[in-house]
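**Student:** Pasting a structure here, questions to come.
Protein chains: 2
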Amino acid sequence: MGTPLPRDPIADAQRNWEGHGWGNVAAPMAAVTAIMRTQQILLGRIEAVLKPFGLTFARYELLALLSFARSGALPMNKASALLQVHPTSVTNAVDRLQAAGLVVRSAHPTDGRTTLIELTSEGRTLAKSATAALNSEVFAQSGFADHDVDQLIRILSAFRKNAGDFT
Amino acid sequence: MGTPLPRDPIADAQRNWEGHGWGNVAAPMAAVTAIMRTQQILLGRIEAVLKPFGLTFARYELLALLSFARSGALPMNKASALLQVHPTSVTNAVDRLQAAGLVVRSAHPTDGRTTLIELTSEGRTLAKSATAALNSEVFAQSGFADHDVDQLIRILSAFRKNAGDFT
DNA sequence: TCCAAACCCTTGGATGTCCTAGTATATTGC
DNA sequence: GCAATATACTAGGACATCCAAGGGTTTGGA
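Here is the structure:
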C-alpha cells in the first residue's frame, strides 16, 4: 500500500463535494474522513509495535486496563463498558489472552452471572513491557505538535461527551 | 454498550499515565486513544445510515470514488491507492458490489494484468442517494463546531502528510 | 530475443467488530 | 414465594482488514 500519492485524496474529495454543491458539508466530510484515515495509520503503528509481544491492540487494551485495576481483576461487563466495545469482543479477547496464559477467568464472589478477568503475573509483566514500547515508539513520536495534541484532546473530548460516551 | 459512563475513561487513562511517571507521553496517548474512539463512533453512525441502502462504509467509499471518476471506471490498483486500503480489501468490496449489481469488472484495454471496476447505472444512482443521506444525516450534524472542523482538517492533514500518505 | 524481476489480482487464513439468539443467574413485583 | 423481567456471558454468523502465497502479464536488461 506504499508510495505516497501526489495529492491529498481527502482534499480532493472535499473539492469534489464543493463542486457538487455540497459545500456546506464538505468540511465536516473531510474532517470525518481524515479521522478515519488517521485512526488507520495509528492503529498500524501500534499493531506493529505490539506484534513482537504477541499482542494485538484489542488484547493490549484489555491487559492495560486490568493492570491499572489495582486488584488486577475486573468483571467482563465492566471491561466492556470501559473499553467501549461490544461484550462479545471482550469474550473474544479474553479467550485469546487466557490461551496465552496472560489472564484467567474466575467466578465473581457474589454474582453468579458475572465472570472476573484476572491478570496473571506473566500478563502483568507483558503489559508493562508492551506499555513501555508503545510509550517510546508510538506516543513519544506521535507526529502531532504539542499544542495540536491539546487541541485534539479538547475537540475529541467534547465530541465524545456530546455523543454520549460519558456525562 | 449503552449507558454513558460517569467519567471519561480516556481522561482517566491519561491520569493513570501521569501517575506512573509517563507524564511526557500521557497527552499524546490520550489524543491517540480519543482518535480511536471517535473513529468508532463516527463509523457506527455512518454504517447505520448506509444500512438501509444495503451498503457498508467500505463499499460506499468505493462506490463514491467511482462516481467521481468521470468515466465511472477505475483500475483496482488505483482504487486501492486512493482509498488507502490493501488490494485484497478492494477485491472483497468489488466482489460484493458486483454481486449486488452495482459495479462490473472489465478488462483493461492495454494492460492484461489490470482489472477495471465500472459503475453500473444502478450503482451510480445508489451512490447518489447514499451520499445525500450521509450528507444530511452525518456530515451536516457531525457534532464538531465549525472552527473545530477547520482545526481537525489542519492537524490531521499535517499528520497524514508527515506519515507519508501524500507528498 | 528471452528470461528474470516487477506488477496485478485473487485465494486462503488470522483477527477484530458487531448483531442475533440462547443459556444461566439475579432482581422485581404481585 | 414465584413468575416475569433484567442482566451477564457465550455461540454462531456476517463483514472488513491485513498478510502470505500463487498464477498470469509486462517490462527491461543481458
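First to last, the sequence lines map onto chains A and B. For the record, in the first sequence the residue sitting at position 108 is 108 according to the numbering used here, with numbers rising by one throughout. Add 1000 to the 1-based position in the second sequence for the numbering used here, that's all there is to it. Every residue, glycine too, gets a C-beta built ideally from N, C-alpha and C. All figures in this text were calculated on a predicted structure; none of them were measured in a lab.
1. Interface residues of chain B around A/M29 at Cβ under 9 angstroms?
2. Kindly indicate the opening and closing residues of the alpha helix (DSSP H) around B/S1142.
3. Determine the direct distance from the alpha carbon of B/P1109 to that of B/I1010, and round the result to whole angstroms.
4. How do the stretch 79-88 of chain A and the stretch 37-49 of chain A stand: do at least 3 beta-carbon pairs fall below 8 angstroms, yes or no?
5. Have a look at B/H1147, B/T1167, B/Q1141, B/S1157 and flag the residue whose alpha-carbon is nearest the alpha-carbon of B/I1046.
6. With a threshold of 9 angstroms between beta-carbons, can A/F53 be considered close to chain B, or not?
7. Which residues in chain B sit within 7 angstroms of A/Q39, going by Cβ to Cβ distance?
8. Classify A/N135 as buried or exposed, calling it buried when 16 or more other Cβ atoms lie within 10 Å of its own Cβ.
9. Can you find a C-beta in chain A that's less than 9 angstroms from the C-beta of B/N1016?
10. Which two residues bound the contiguous beta strand (DSSP E) that contains B/P1004?
11. Please name the residue in B/A1107, B/G1021, B/H1020, B/G1023 whose C-alpha comes closest to that of B/A1073.
12. If you draw a straight line from the alpha carbon of B/R1070 to that of A/R124, how long is it in whole angstroms?
13. What does A/D150 reach in chain B if we use C-beta pairs closer than 9 angstroms?
14. Taking A/T115 as the reference, give the member of A/K128, A/M29, A/K78, A/F139 with the closest Cα.
15. Within its chain, find whatever has a CB closer than 7 angstroms to the CB of A/A64; leave out the 5 residues flanking it on each side and keep chain order.
16. Mapping DSSP to helix, strand and coil, what is A/F166?
17. For the beta strand (DSSP E) holding B/A1073, just list the boundary residues, first then last.
18. Using 9 angstroms as the threshold, is the C-beta distance between B/L1005 and A/T167 below it?
19. Return the chain-ordered list of same chain residues with a C-beta closer than 7 angstroms to the C-beta of B/V1104, the five sequence neighbours on each side being excluded.
20. Output yes if chain B places a C-beta closer than 9 angstroms to the C-beta of A/N24; else output no.
21. Taking the alpha carbon of A/V25 as the reference point, which residue from A/A34, A/Q14, A/V90 has its own alpha carbon closest?
22. Where does A/R105 sit, in a helix, a strand or coil, going by DSSP?
23. Out of A/E137, A/D150, A/L152, A/L62, which one is the CA nearest neighbour of A/A48?
24. Distance, Cα to Cα, B/D1146 vs B/R1113?
25. Under 9 angstroms, Cβ to Cβ, is there at least one residue of chain A near B/A1127?
26. Suppose you measure from the CA of B/V1090 to the CA of B/L1055; what does that come to, to the nearest Å?
27. Rounded to whole angstroms, what's the CA-CA distance from B/K1161 to A/A34? Just pull it up for me.
28. Within 10 angstroms of the Cβ of B/E1122, are there 16 or more other Cβ atoms? Answer buried if so, exposed if not.
29. Near B/P1043, what residues of its chain come up, given a Cβ to Cβ distance below 7 angstroms and the 5 sequence neighbours on each side ignored?
**Tutor:** If we stick to the structure as given:
1. By one-based count along the first sequence, residue 29 of chain A stands at place 29. The contacting residues are L1134, N1135, V1138, F1139, S1142.
2. Start at 1 with the first residue of the second sequence, and residue 1142 of chain B comes out as number 142. That residue, B/S1142, is in no alpha helix (DSSP H); it is neither H nor E in DSSP.
3. Indexing the second sequence from 1 puts residue 1010 of chain B at position 10. Indexing the second sequence from 1 puts residue 1109 of chain B at position 109. Going by the C-alpha atoms only, they are around 52 angstroms apart.
4. Taking a cut-off of 8 angstroms on C-beta distances, the stretch 79-88 of chain A does not touch the stretch 37-49 of chain A, as fewer than three cross pairs fall below it.
5. Counted from its first residue, the second sequence places residue 1046 of chain B at position 46. The option with the nearest alpha carbon to B/I1046 is B/Q1141.
6. Taking the first residue of the first sequence as position 1, residue 53 of chain A is located at position 53. Interface with chain B (9 angstroms Cβ-Cβ cutoff): A/F53 is excluded.
7. Looking up residue 39 of chain A in the first sequence gives position 39. Listed by position along chain B, the residues whose Cβ is nearer than 7 angstroms to that of A/Q39 are I1035, M1036, Q1039.
8. Walking along the first sequence from the start, residue 135 of chain A turns up at place 135. Counting every other CB atom within 10 Å of its CB across the protein chains shown gives A/N135 a total of 16 or more, marking it as buried.
9. For the purposes of this step, residue 1016 of chain B is taken as the residue at position 16 of the second sequence. Taking 9 angstroms as the CB threshold, B/N1016 lines the interface with chain A.
10. Sequence index remark: in the second sequence, residue 1004 of chain B carries index 4 (1-based). Looking at the DSSP string, B/P1004 is not in any beta strand (DSSP E), and its letter there is neither H nor E.
11. For this step, residue 1073 of chain B is matched to residue 73 along the second sequence. Ranking B/A1107, B/G1021, B/H1020, B/G1023 by Cα distance to B/A1073 puts B/A1107 first.
12. Here residue 1070 of chain B refers to the residue found at position 70 of the second sequence. Here residue 124 of chain A refers to the residue found at position 124 of the first sequence. One C-alpha to the other measures close to 55 angstroms.
13. For the purposes of this step, residue 150 of chain A is taken as the residue at position 150 of the first sequence. Within chain B, the residues near A/D150 are A1027, A1031.
14. Translated into the one-based positions of the first sequence, residue 115 of chain A becomes position 115. Each of A/K128, A/M29, A/K78, A/F139 was checked against the Cα of A/T115, and the nearest Cα belongs to A/K78.
15. As a first step, residue 64 of chain A must be located in the first sequence, where it is residue number 64. Excluding residues up to 5 positions away in sequence, A127, T131 lie with their Cβ nearer than 7 angstroms to the Cβ of A/A64 in the same chain.
16. On the first sequence, position 166 is the one that residue 166 of chain A refers to. Correct three-state label for A/F166: strand.
17. For the purposes of this step, residue 1073 of chain B is identified with residue 73 of the second sequence, where counting begins at 1. Its beta strand (DSSP E) spans residues 1073-1075.
18. Here the question's residue 1005 of chain B lines up with position 5 in the second sequence. Here the question's residue 167 of chain A lines up with position 167 in the first sequence. At the C-beta level, B/L1005 and A/T167 come within 9 angstroms of one another.
19. Mapped onto the second sequence, residue 1104 of chain B falls at position 104. Excluding the 5 residues flanking it on each side, B/V1104 has same chain C-beta neighbours closer than 7 angstroms at Q1098, E1118, T1120, in chain order.
20. Indexing the first sequence from 1 puts residue 24 of chain A at position 24. With 9 angstroms as the cut-off, A/N24 counts as an interface residue toward chain B.
21. The count along the first sequence starts at 1 and reaches residue 25 of chain A at position 25. The shortest Cα separation from A/V25 among A/A34, A/Q14, A/V90 belongs to A/Q14.
22. In the first sequence, residue 105 of chain A corresponds to position 105, counting from 1. Three-state result, A/R105: strand.
23. Translated into positions along the first sequence, residue 48 of chain A becomes position 48. Measuring from the Cα of A/A48, the nearest candidate turns out to be A/E137.
24. Translated into the one-based positions of the second sequence, residue 1146 of chain B becomes position 146. Translated into the one-based positions of the second sequence, residue 1113 of chain B becomes position 113. Rounded to the nearest angstrom, the two C-alpha atoms are 45 angstroms apart.
25. Working through the second sequence from its first residue, we reach residue 1127 of chain B at position 127. With respect to chain A, the C-beta atom of B/A1127 has no partner C-beta closer than 9 angstroms.
26. By 1-based counting over the second sequence, the position of residue 1090 of chain B is 90. By 1-based counting over the second sequence, the position of residue 1055 of chain B is 55. About 14 angstroms.
27. Counting from 1 along the second sequence, the entry for residue 1161 of chain B is found at position 161. Counting from 1 along the first sequence, the entry for residue 34 of chain A is found at position 34. Answer to the nearest angstrom: the Cα atoms are 11 angstroms apart.
28. Within the second sequence, the letter at position 122 stands for residue 1122 of chain B. The residue in question, B/E1122, is exposed, as its Cβ has fewer than 16 Cβ neighbours within 10 Å.
29. Within the second sequence, the letter at position 43 stands for residue 1043 of chain B. With the sequence shown as reference, residue 1043 of chain B is identified as Leu, and Pro is not the correct amino acid for it. Answer for B/L1043: F1057, listed in chain order.
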